[in-house]
Every structure is written in C-alpha cells, then in structure tokens.
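Following: one structure in structure tokens, then a few remarks.
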Amino acid sequence: MWLWGHLTLILGLLATALAGKKKELHLRPDKKPPSSASQGFAAYVFPLAGSKGASPLTNILLRAKDSGLGKRDVDITAEGARSGFKEGTLDQSDDGETLIFTPDEPFDTNEIVTVTARQTDNGQSFQWSFKTASGDMFDASKETFRINETIFGQALSEDGADVSLPQRLAQNDSSSSRHSAPLNSLWETVFDILLKNQREEGGGGEWRSVANYTDEDEGDEGDDGEDDDYPIEETDTAAEEPQPDTDVGYDYEPTIGEFNDTTMTGQPQEDDGHDTWHDESTPTEEAAQKEERDHEKGLEEEEQESDLDAEAEETPKAADAADTETYPVYDPWDEWEAAMGAWAEAETDGKGDNKTGKGEARLPLSEYLTLPPDHPQVIVTQPRQPGTAAGHIFTAHIRHPEHVSHDFLLILDGQSGDAVWWHRFDYSNQGWHGWSVRDLKLHDNGQVTYHDRARNGWVVLNSRYKEVDFITPKYGYASNGHGIQIDKKGHRLILANDKRHKNMAAFGGSPAGQALGVIIQELEPNGRTVFQWSSWDHLYDQFKITEQKFDRGQESVDHLHANSVDWTPDGHILVSFRHLSQVIKVDRKTGKVIWRFGGTKETSNSFDLDNPFYWQHSARMTEPGVLTVYDNHNEHPPEESRALEFHLDEKSMKAKLVWEYKHDPPRYGYAMGSVQTLSNGNKVISWAGVEPQSEPFYTEVSRDGSKLLEFRFANGMAYRALKSPWASRGEGKPTLVLNADTDPPRLHFSWNGATEVATWKVKAGQLGSPLQLVTSVPREHFETIVTLPHHNTHSPVNSCVRYKAVALDKGGTSIGRSNVVDSPWCVSRGAMCVAAEKERHDCTEGQGFITQEQCEQRGCCYRPPGIAGGKREGQPWCFRPLHGGASGKDGQQQGNVCAAWGKETRAACGTPGTNKQACEARGCCWDPQGPQGQPLCFHAGDTCSVVGKRRLACGRGLGGDQCRKRGCCYDEKKEQCFLPDSTLPT
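When you line the sequence shown up against mature numbering (1 follows the signal peptide of the UniProt record, and there is no 0), it's residues -19 to -1, 1 to 967, in that order.
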C-alpha cells in the first residue's frame, strides 16, 4: 500500500504541474489502479503491463480468463499521459477469444498509457500501463517505425549521407519539447517505480527504441481477345539511362509480328492502364472473382469470332486426318529421357555418366521459347523413383547480389522438375535490391503467398495467380519475410522486426548498440490484430544465451534471428530462433513461454536432450509431440546439415531423436533451408546455402532414408522448397510463339501456370480465310512444339499465315485461347504481297511459268500451288507487289521488293550468319553478295523507316541481335526494337 500512497502524492504533484497546460491528464479518481503486475480477470493483455516501445498506433487486446466474457460484459478505456482520454470502439475477434479496443486517434510518442478494464456486471476492474515508442523510433507523421533510416545496419540522412547514431537520435526525437520534457521526466520516475517490482520478478530490461529493422536474409550474416498495339514514346534515352541498382523492365514478348502490352509474365493482357503486380491498391477476392467471370465470358465470346470456323472445329475435313501426320511434334524431352535411361543403366555399373556430367542431367527448359531466356535452369541429380509423392514444388530462385540477375517465383512439376508457373521480377538484385526471402508457399486456405520486401509484406495470390490481398504487419512494424502461415479460417500468423537501442557493452558490443527484437502477430482475414507477442517482453535472458558472437564495439546485433513461426496442433505458437539454437513454444492464450527446446539446461533448455541442433530453420509440429527441424549446424563441427525429427513428451519434458537424414555426400547449408513432412510420410529437404555453394534445393526421401527425387539449380539458390497439391486454370491467356529460324519452322505454345490442359488444338489459315483446325496434340510438358513442314499449306515461309492455339481440358472443353500470331511475311515483305486477286498483276512477262526463285529474283510475289480459292486455284502465281520503295518505282514495275533497294537503304533483318531459309522465313530479302561480298539478310523496301508514334514495339530490353533475330527493325541510336511497316488491313 505504501507504493500507492506515494503514487497518489506524485499524481497530485503532476496535476499541479499540468495546471494551465493545453493538454490535461484526465485521471479517473473512481478507478484506483491495482499493481501493474496484476492482470485481474485477464489471461492476456497487449501491450503487456510494463512494456516499453509500443507503437502509438496500437490497439488494446484482452483475453479473459473466463472465455465466456464478451464485449457486452467488459468496458475498456485508455488514457495517454499527454494525449489524454481516448474514445474508441470495442470489438470481439471472430473466434470470440479476444476483446479489441481501437482508439479513435493514435497515442502520442514517448508517453505513458494507462488502460482500465472493468466487468460491467460486478464492477471488478484492474489497470495496467505501458509506454509508447519515442520519436527517434516512430515517425508519427508517416505512422510507421523509421524502417527506411537503417539500411543493413547503416544509418542514412535524407540526402543519403552517413549519420552517426547520436546525430540521428538528436534529429529524430521529435516528441520532446521544452514544455513536455519536465512532464516526461516526472512520468519516467512514476513509471520506473511502478515497474520496479515487475523487473525484480523477472521482467524487462533497459530499452530505448531505435529505427525499425528491415528484413534481411541470413545470406549476409550481418543482416540476417486481341490486344491493341501501342506506340513507342519518343524520349531522350540518355536521360532515362537506368541507375546501377536498377534494371530495364523485362517485358517478355517472344512473338514476331504480334505486338501486345504484356505483364512481366509475358502473357498478353488486356490493357487496363496499370501493372497488375505493382498496383498500389490491393485488389480484393471479389474483384478477382469478377475478373474470372469476365474471363469465362470472354471465352464464350471468342467462340463467335469470325476467324473461327466452327464447322471445321467440330467436324474437321477428311484431309485433317492426314494433315495431323504432317505436323509432327518436336519433343526435346525425348533426348533428355534417353540420356536419363542411359544414366540409370550406367548407375547400375557404378559409373553414373550422362551428357552434363557425372550423376546429373540438365532439364531441357532452354528449348522452350515461351519461357524467358534467363529462367533458372534445373538440374536433376536424382531421377524420380517409385514412392515419390504427388504434388507440385513451390520455391523461389534467388542469387547472391554479386551475380546480377532477376529473382523468380517458381512452381515446378513434382515428378520431373518441368516448369509449371513462373514469375520474373522486373528489377534486378543489384545493390541488394531483390535479395530477399521470397518464400513462395501454398496455405491451408488455398491461397499462395510470397514475401515482397520492397512492399513490406506478403502478396496473396488466388488460383489464377492474381493478387487478391496484401498482408503487412500492423502498427508500423517491418515485415520479417522468414515466416507466415495462413490457416483454413484465413487467420495469418506473421513475423515482424522490432529494433531497439541496447547497451551491449556488457556483451562485448557497443554502449550505443542496436538489437533486433522479434514480434509475432496473428491477424484476422480482415487484417485486425488478435494476438501480439514481443521478445522484448518475454525473453528476459536473450542476451545471455545467444550464440551470436558480437565484435568489440559492434553497434547492430541480430541476437535472436526468428526464421519460422507456426501454430502447434494444440493451438499454441511455435517459433524458431536461429541465433539461440532454440525452438520456443508460446502460449497463445497468455503469451507466456511454455517451453524451450535447444541449447542446454544452463541455457534454458526445458527438455532433457542437450544441444539437439545448431542454428536451425523450419521448426514444425505436424502432429502432437512430433517436431521436425532443419539443422544447419553452423558454428559447431562437423559442417554438415541434417533433417531431424523428435518426439517430445511435454509432460515429462523428455525429448528423443527418432529420425535424421544426412546427405551422401555431406551437404552443408550455411544459411536458409527447410524440411517438410508430406502426407505419405516422405520428407522434403531444401539444403539451401549461399553462393558459391550449390546445394540441392529439393531432396525428397522416404521414411527409410531412400532418396526418391532431387534437383538443384545450375546457378543460384532457394530459401526453401515445399511440395503441395495444386490445380489452376492458368494465368492470363496461353502463349503462342512462331519460330521461323528453325528448318522447318516451329510453333511453340504453353499456358503459364495451367495444370488442367489435356490437349492442344492448333488452328491456322491464310490471311482473309477462317482459321481451321490443322492438328490436335496431347499436352505432355510445359511447352508443346509442333513443326510446320515447307510443303504444307500452313508453312510460314513466303506466306502470310495466322495461327492460334486452343487449350482443352480432359473433357474436351475449350478453357483458353492464345492470341492470333501472324507469320513474319504478314508484317515484312509479305505485307507488300497481300492483295485481292483482282489487284494482282502478273509478273511473268508473257512466260507461261516461272519458278519461285525466278519470281523472287524479279522482286515479285510468289503464291505456291495448293492454295484454295480464286481463278487460279491450285496453280502457282507470280505477281507484282503493291508498294513502291525508295527507288521511286511504283507498284506496277518489277524489282521493287528486294532487288531495287540500294545497299545504302538496307536495314538488317536477323543476326550475322543467318541463312537464306531463315531469312526468307522472316519475310525478308536475301542478298548472297552483300557488303564486302558477305551474304546479307535485309528488310524489304522502306519497311524499317517507321518514325515517331507509328513505331510499334517488338519487345523491350532487347539488343540489336535479339531484335533482328525476330525479323524486326532496330534503331541503334534510340535502342528501340520495332515492327517493320505493315500494310495489313486492321
């Protein structure tokens, strides 16, 4: 009682000191506060009594010991020492367990907040206090912790210059003023008296808040329908030269002669005026569902398109049966599977040789044209064995910033490693931009998430890969990308960072140190917080038991390094602390630590098994008493990582290692990594590591330790890899690419992310004719490749042919159609040869017949035999082109397509070394005696003289050789790749 007597005296002095001030301290004399260490009828409150550094944006959370108490049974009020009494709303969580008081206005920084909770039926009440973060930690104007002022342990001023910690504290302590300083000082005295007993009972330490810590991975141990064409804008390219830490946006558009706005995935999309992946607003699930309905409606409308021959679709002409044989499928997997068969045979002899080296085989993904050229290359180190579990592999490919690249999100086939879905980020990882824990995973509610450090949270995707939500930590904290879980109800369990000042001199660090604390938040689907836990409140011995070594005078320390979080089968929370070599179970009802597993008894291990693992990742309890851990085994010999499973008796506190897997040969994942238990009992292990390490990112083993399947990347690494069942109708539309460089030409088509495609139909037709079904092929891999023989009516060589690919499901229903792709002739030389029959003028000069070569030598157009329609059906025809060119000749004179163009006006079409066949397949001109007597492939006429807004892009970020290989025009000065001029009708 003496404590409250002194407190009453001090409060009286405070009331006198506050007289005449603009802001008054509203005391409630009828609510005498009990001890701050008491929680009255509450089992859990947040912020915790006596805690410091709370966000001024915080809500007040309370869980009653009597779970029957609801929001009608309890009254909660909050009062700030400076900001005063807070009006607000009291709600109840969707599970009925948590009362949530939301103030109408934020608290002030650096103030004491007193909360009173009272039961309405019996008047029982209790009171507790906490302190908000100071102004050097929290930016009240931006309503966020100052996460941007500390970049990998280095403080920066607004102009980018280094700023010392004392300078930054002086600059940012905006909450202090000459008026509030005496009041805060007096409140500090009161607060310290109130908390003295709680500290003596094992709580708290001396903390001062500092700029919030941004998410770092431990790879650096210091931080842990048809689309509209659009013009190329005329800009000053020198002024827009990318900075060293950025990269030109990669817009993958592999189709020659078809130009569309594309998303980063390379799928042609309707232009909605913004980038789906980077829109500042967060789309909703309802919006995604509407888009899905619009997509289905679009499919129905496509059935009515004039370029589709419905009769041919349903009842193909008799010749189609023969035509099917003339469109053979090219399958690059045939050669690979043959190599794998030879490898398997060699393995029995102990040799293990194959085409890429001993015991390895690179998947033929480089043969795909519907994947970006820098798509990560997957290498098989163990082919699939019987017993491999069903499902798809979710992972993310990253590289160390020393190797400039783009990060990829990947879903791979869980049997072969073939591509299923990919997403390429449009910025490179230069300057650590993009070095992040992406952590692509499927959750129990069917949604997919990945972490985006640049946006400070997790992107939520639906089954069509559309962003439907964005999850960010509440109250202004920075996201920790190591951990997120979403349960079937949609509750989200996430990790966040809470960096504070800490005198680290006693531990070998700096007196002005900064230590990274850990926040756990559980959020409802609507984003409302129902639980928060802070390491600063509950891990009182954290600096004594950490295994992280501090350099003398070191200012920034990551002494805990939380790297996984999950619910336990009994409804509590499991979190892994890498730098403690411990896994901790937290009581979700009270926030208290239930037990710690790891380290020794001397370092607070609750179980009888000492040092079970070191610097671990991926702690999970998939069933009661069963714990799996990926043991990186850092800082302790031998350098060999393991996957472990323990049985924990939580009553007797006995632990037993019941299963472990070590790789043969040994693997050491210095950082990152995971282990997953599949429904059939198999284990999936991601060995991770940091370049130049090249450990397998996916190893699947049976319970008896047999290796069933294994992959690694040719370059780079993955934070973790998980196998999950997955089904999707795909992202956007199918993609179709015509490759006219091969002999014979080929059609490549795929649908990014689609798992339900069983069959592909290919349609083709001459310009002005309806598209007809020409072949139907089963889908066996991510990309299907069909050849187009020269003698075939639908060969793109010297013809303007249009193509479309149609995806069918197992029932034969059309579920997606690609855009129409035109052969290169349609937009290059062939454009000059497109004319109605009555407008065609003979170019044989009285000769009864001339060959195709003779016709083209005259610079005229040649129609091969076999094309139906017109008076000359089935006969070859040599006729004059429509347009004149730079030579001034009109369209009725010969030689004005290729032969008439002077060498000074020629624009290159293709790369050096292009042969005549590939050149003419692009619709370009071939001169066997070009400059210096070397052959030259060039564009016909002035088709590359397009200027200004008439230029239509032929892909972005392409060099000259890449552009010309597509048969497109390249402006060296402006570094623009654009389509040749076209006379095709719109």
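Backbone N, C-alpha and C fix where the C-beta goes; we use that ideal spot for every residue, glycine too.
Classification of residue i by the beta-carbon crowding that lies within 10 angstroms, buried from 16 upward
i: E901; result: buried
i: L638; result: exposed
i: V567; result: buried
i: D47; result: exposed
i: V928; result: exposed
i: A377; result: buried
i: E124; result: exposed
i: L960; result: buried
i: A319; result: exposed
i: T832; result: exposed
i: A669; result: buried
i: P673; result: exposed
i: G462; result: buried
i: G793; result: exposed
i: K819; result: exposed
i: R577; result: buried
i: P10; result: Any reading at P10 needs caution, since the residue's pLDDT is 29, under 50, leaving its predicted position unreliable; the model's value is listed next. With fewer than 16 other Cβ atoms within 10 Å, it is exposed.
i: H772; result: exposed
i: E60; result: buried
i: N592; result: exposed
Counterpart residues of residue i in DSSP-defined beta bridges
i: Y611; result: H598, A624
i: Q502; result: I475, Q513
i: R44; result: Y25
i: W317; result: Answer is none; W317 lacks a bridge partner.
i: A35; result: T113
i: R798; result: V787
i: R844; result: W858
i: S537; result: Q495
i: K637; result: H628
i: M698; result: I379
i: L391; result: T376, W403
i: C958; result: Y951
i: F830; result: Answer is none; F830 lacks a bridge partner.
Beta strand (DSSP E) segment containing residue i, residue limits
i: A907; result: According to the sequence displayed, residue 907 carries Trp and not Ala. Its beta strand (DSSP E) spans residues 906 to 908.
i: S557; result: 554 to 558
i: D56; result: 55 to 61
i: L71; result: 69 to 73
i: S64; result: Premise fails: S64 is in no beta strand (DSSP E) and is neither H nor E.
i: N426; result: Here N426 belongs to no beta strand (DSSP E), and DSSP marks it neither H nor E.
i: C918; result: 917 to 919
i: A543; result: 543 to 548
i: S386; result: Careful: S386 lies outside any beta strand (DSSP E) and carries neither H nor E.
i: Q20; result: That residue, Q20, is in no beta strand (DSSP E); it is neither H nor E in DSSP.
i: P84; result: 80 to 84
Secondary structure of residue i, DSSP reduced to three states
i: C807; result: helix
i: Y456; result: helix
i: P345; result: helix
i: K664; result: strand
i: Q495; result: strand
i: L369; result: For the sequence presented, residue 369 should be read as Thr rather than Leu. Coil at T369, not helix or strand.
i: A435; result: helix
i: D645; result: coil
i: R684; result: coil
i: E583; result: helix
i: T131; result: Low confidence applies here, because T131 scores a pLDDT of 33, under 50, leaving its location unreliable; read the following figure in that light. Note: T131 maps to strand in three-state DSSP.
i: C949; result: coil
i: residue 1014; result: Examination of residue 1014 is not possible in this model, given that the chain is present from -19 through 967 alone.
i: residue 1022; result: Since the first residue shown for the chain is -19 and the last is 967, residue 1022 is missing from the structure and cannot be characterised.
i: Q105; result: coil
Range of the contiguous alpha helix (DSSP H) that encloses residue i
i: I526; result: 523 to 526
Minimum Cβ-Cβ distance from residue i to chain B less than 8 Å
i: E503; result: Of the protein chains in this structure there is only one, and it is not chain B.
beta-carbon residue i near the ligand FAD non-hydrogen atom, thresh 7 Å
i: R509; result: Absence of the ligand FAD is noted for the structure shown, with no ligands found whatsoever.
Report task. At 3 residues or longer, and completely inside the region 732 to 777: list those beta strand (DSSP E) runs for me, N to C. Result -> 740 to 747, 753 to 759, 764 to 768
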